[in-house]
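Read top to bottom, the protein sequences are chains A and B. Throughout the first sequence, residue numbering follows our numbering, covering 1 to 273 in sequence. Throughout the second sequence, residue numbering follows our numbering, covering 1001 to 1312 in sequence. No residue lacks a Cβ here, since even glycine has one placed at the ideal position from N, Cα and C.
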Amino acid sequence: MTARKSFFFGENDHKLFAIHFQGTPQKPVAVLCQPYGDEAVKTRRVFLNIAKEWASKGIDVLLFDYFGTGNSLGEFEELRWSGMIEDIRNAIEKACSLTKKHNVIVAGLRLGATAAAIVAEIDKRIESLVLWHPIIEGLPYLQKALRSNIATQMAIHQKVNTNITQLINNIQKGMLVDINGFELTKNFFNEVSKVNLVNMTSHYKKKCTIVEIAPHPNAKISLEYKDLKNIYIKNGAHCDLYLAIEKNFWTDLKIYYQKASDMLNKTESALWI
Amino acid sequence: MDMIRINEEAVFLQLGPNILQGIYHVPEKKCDKKIGILFCNAGLTYNIGVARLYVRMARSLSARGFHVLRFDPKGTGDSDGSFEKTLINDLFNNIENGLFVNDTLAMFDHFLKISPIKSIIIVGFCGGGVTAILTASHRFDKTSGVFTAGIPIWDRETYDQHLDKIMPKDLAKKYRDTYLKKILDVEAWKRFLTAKTDFKLLFKVLTFRTGSKKQYDSKDFLRGEVPGVNNKLAVSFCRIADKRIPVLFVYGTNDKAQSFFEEYFLSTFLNPKGPYKDSYQYEIIENGDHNFCLPDAQDKVMKVILDWTQRF
């Protein structure tokens, strides 16, 4: 059985909730970066099981909630993209001080992976970076997320009163726009819509594992992930790219998704640093 | 908006091979009511609730002097355990039949041990509300109230197989009106022709029987003889109502569960002239969805719980 401690850390008005799963002294420490909004809720069980699995292999794991999400302090509309990046940096700091280890694995899913990659550009302690289905470009990701607002309008009014362009205009006017119960703000929208991971990757030179997730065994790796891999290699990193056969477990599914076994199998080599 | 201070701590309970995890919100001493509020997990959204509603509610209730505990039963959220490969519909069916009751009872007793509270109000949304009522029926002496929101009162297996027979009249009419409005809608026909329409629901609405249904009373529920309804839930409600434990039912007007509640509970054994008329309150939230996912509905349901708990 894995030993664990749950606690809050950080400044008084910026306390973050975390669970530390205890590993063994010889192994590295890992920080898990959850995705954005309701994707984090849908994937919580998978993240918990990743943490337990890695801890059973001796790796210390810190699973934390960004400010304004999960059990951390703050309201969701206070969440900033720059804040997510700062929170990951603080979580790495906390993980290192708790475990007295300085070789760090940072792993993230979707927008959490993108944020992890940005942190890896500036934090020299990261020896292994794991990107599960990272968001490469922020704007298309947000536009797609806004479609759920359209679906909600359809469900309530049986018609679309505000289309995607109008929703974006509303965001720019400072209005909050709902995405499955989580409110997208102007600040977050503007920061994330500028993100392009391929263009923002230049300094990280260590181990990187990119895992694309696809539900069908005959799926092929996307060009955008091949481009990202090539950028990492060009920058001097050791980068592997894999395809994992999993359902898109951050979306609404008919099954209760508890483990992403193939995704973890494809990540195995990232743990050996 | 209450000023949020951080006085929250993780709570662990070893139950067999599994550790259950929760978050305990401790109120300030100067406003301590010595009453606990236990939030029941609805299943998929773990201890934070839909769109973090449980977190917001717990912090506001704690600021008003309540000790609050949110937790995850086995196999959910941050707790140990797992389920066999499970369809979400089956998980919901199991929750509505009491899957989380033993864990909730254990956490209920643990809450009384680790805090200075004397009694507990149990809160739950959707399936969490069913768990709340089932749990309260095992802990009369220490339960001071039950708050439920959007609870499904149907028997899920019957619901899936015989919706055409058990669908409430007003819901059938609502669906039929919606389909009729779409007859001239090009987009709707596109969805129909590309098989994106919910054909199962469409068929059941079209074959819905409009004849009068048998009226049931509380004895029928107690005998488990009401088809399409979660009789276990009805029986548990009657038990806690007999003990004069106040129960609040909250529904949003955009929740089909509301129609079922009104047709099967409110118009039968909960009717205003019946034996349980003083045992419950019923609140409707205009434009509220099933999960109270939308911000406006969240604010309204938050106000309802804060107002209702003032009595304690």
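- Bounds of the alpha helix (DSSP H) holding K1190(B) are 1186-1193.
- Note: C208(A) is bridge-paired with L129(A), C239(A) in the DSSP secondary-structure output.
- Cβ proximity to chain A below 9 angstroms picks out R1070, G1075, T1076, G1077, D1078, S1079, D1080, S1082, F1083, K1085, T1086, L1087, I1088, N1089, D1090, L1091 from the region 1065-1096 of chain B.
- Contact annotation, F1039(B) with A1058(B): C-beta distance approximately 7 angstroms; criterion of less than 8 angstroms satisfied.
- S6(A) has a beta carbon lying within less than 8 angstroms of a beta carbon in chain B.
- Rounded to whole angstroms, F8(A) and V177(A) show a C-alpha spacing of 29 angstroms.
- Per DSSP, the continuous alpha helix (DSSP H) segment holding I1166(B) begins and ends at 1156-1166.
- If only uninterrupted beta strand (DSSP E) runs of at least 3 residues are considered, those enclosed by the region 154-236 of chain A are 177-179, 182-184, 207-214.
- Near chain A, meaning a CB-to-CB distance below 7 angstroms, the residues of the region 1009-1023 of chain B are A1010, Q1021, I1023.
- Counting only runs that start and end inside the region 1232-1261 of chain B, the alpha helix (DSSP H) elements of at least 4 residues fall at 1256-1260.
- Neighbours of R1176(B) in chain A, taken as residues at a C-beta separation under 7 angstroms, are lacking, since the least C-beta distance is about 13 angstroms.
- Shown here for A1188(B): same chain residues with a beta carbon closer than 6 angstroms to its own, the five before and five after excluded, namely K1182 in chain order.
- If you ignore the 5 residues before and after D240(A), its C-beta comes within less than 6 angstroms of the C-beta of T209, all in its own chain and listed in chain order.
- Less than 8 angstroms separates the beta-carbon of D1255(B) from that of H1290(B).
- Taking a C-beta distance under 8 angstroms as the contact criterion, S1144(B) and I1120(B) qualify as a contact pair.
- N1231(B) and I1166(B) have their C-alpha atoms spaced approximately 14 angstroms apart.
- The beta-carbon distance between A244(A) and I213(A), rounded to whole angstroms, is 5 angstroms. This is short enough to meet the 8 angstroms contact definition.
- Taking all protein chains shown into account, V1186(B) has fewer than 16 neighbouring C-beta atoms within 10 Å of its C-beta and is therefore exposed.
- Along the region 1032-1064 of chain B, going in chain order, the ones with a CB nearer than 7 angstroms to a CB of chain A are T1045, Y1046, I1048, V1050, A1051, R1052, V1055.
- At a cut-off of 3 residues, the continuous stretches assigned as beta strand (DSSP E) that sit fully inside the region 46-98 of chain A are 60-64.
- In the structure shown, the three-state DSSP call for H1025(B) is strand.
- Going by DSSP, V1226(B) is part of no alpha helix (DSSP H) at all; its letter is neither H nor E.
- According to the DSSP assignment, R1059(B) belongs to the alpha helix (DSSP H) that extends over 1053-1063.
- Annotated three-state conformation of G108(A) is strand, per DSSP.
- D38(A) is classed as buried because its beta carbon has at least 16 other beta carbons within 10 Å across all chains shown.
- In the three-state reduction of the DSSP assignment, T1104(B) falls in the helix class.
- Selection K186(A), H102(A), K159(A), N161(A) evaluated against I171(A) yields K186(A) as nearest (Cα-Cα).
- Near chain B, meaning a CB-to-CB distance below 8 angstroms, the residues of the region 174-205 of chain A are L176, D178, N180, G181, F182, E183.
- When C-beta atoms of the region 93-102 of chain A are compared with those of the region 69-76 of chain A, fewer than three pairs fall below 8 angstroms, so the two segments do not count as touching.
- Within chain B, the residues placing a beta-carbon under 7 angstroms from that of R44(A) are Y1046, G1077, ordered along the chain.
- Around the beta carbon of G23(A), 16 or more other beta carbons lie within 10 angstroms, which makes this residue buried.
- Taking C-beta atoms as the reference points, V1301(B) and I1285(B) count as a pair closer than 8 angstroms.
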